[in-house]
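Here is the structure we will look at.
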Amino acid sequence: MGTFYWPLEVSSPDGSRWETVSALVDTGASHTVLPASMLRRLGVVPFRTVLYRIGDGRRVEREIGETKTRVNGLQATSIVVFGDEDIPPLLGAHTLQGILLVVDPVEERLVPTDALLL
Numbered sequence: 139m140g141t142f143y144w145p146l147e148v149s150s151p152d153g154s155r156w157e158t159v160s161a162l163v164d165t166g167a168s169h170t171v172l173p174a175s176m177l178r179r180l181g182v183v184p185f186r187t188v189l190y191r192i193g194d195g196r197r198v199e200r201e202i203g204e205t206k207t208r209v210n211g212l213q214a215t216s217i218v219v220f221g222d223e224d225i226p227p228l229l230g231a232h233t234l235q236g237i238l239l240v241v242d243p244v245e246e247r248l249v250p251t252d253a254l255l256l
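The opening residue of the sequence shown carries number 139 in my numbering; numbering runs sequentially from there.
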């Protein structure tokens, strides 16, 4: 599957301010990663530090917070990672699942899906 970017809206925790980024859709990333400066500017507060494995096999610690995200007009609360400033924002699996979107790899777009209760 190829990679593509998609608009992601991120809010302050109270929903009063929103910013939009072009995020790399990455279903292999557990959580959405955004520049730490953006999250702090929006008032997102870290509540935990998590150990992540990154693409080259190394493990890194990153702070995580929680805030509202919106994709294609659909909104959910997401866990967000306070990322480095020099990497592109990543739209991760937790956010996609919370908003009930799946990847259409042929058309390189995000499309609604049904929720599952099995």
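C-beta atoms are modelled at their ideal positions from N, C-alpha and C, and glycine is treated no differently.
Taking the runs of the alpha helix (DSSP H) that are 4 residues or longer, which of them lie wholly in the stretch 165-247? 174-179 and 231-237
Pair every Cβ in the stretch 150-168 with every Cβ in the stretch 231-248, then say whether three or more of these pairs are closer than 8 Å. yes
Looking only at C-alpha atoms, which of V163, G193 and V183 sits nearest to P243? V163
N- and C-terminal bounds of the beta strand (DSSP E) containing P145: Y143 to S149
Can you pull the DSSP bridge partners for S160? P145
Out of S150, A161, S154 and M176, state which residue places its alpha-carbon closest to the alpha-carbon of W144. A161
How would you label P227, buried or exposed, when you count the other beta carbons within 10 angstroms and need 16 or more for buried? buried
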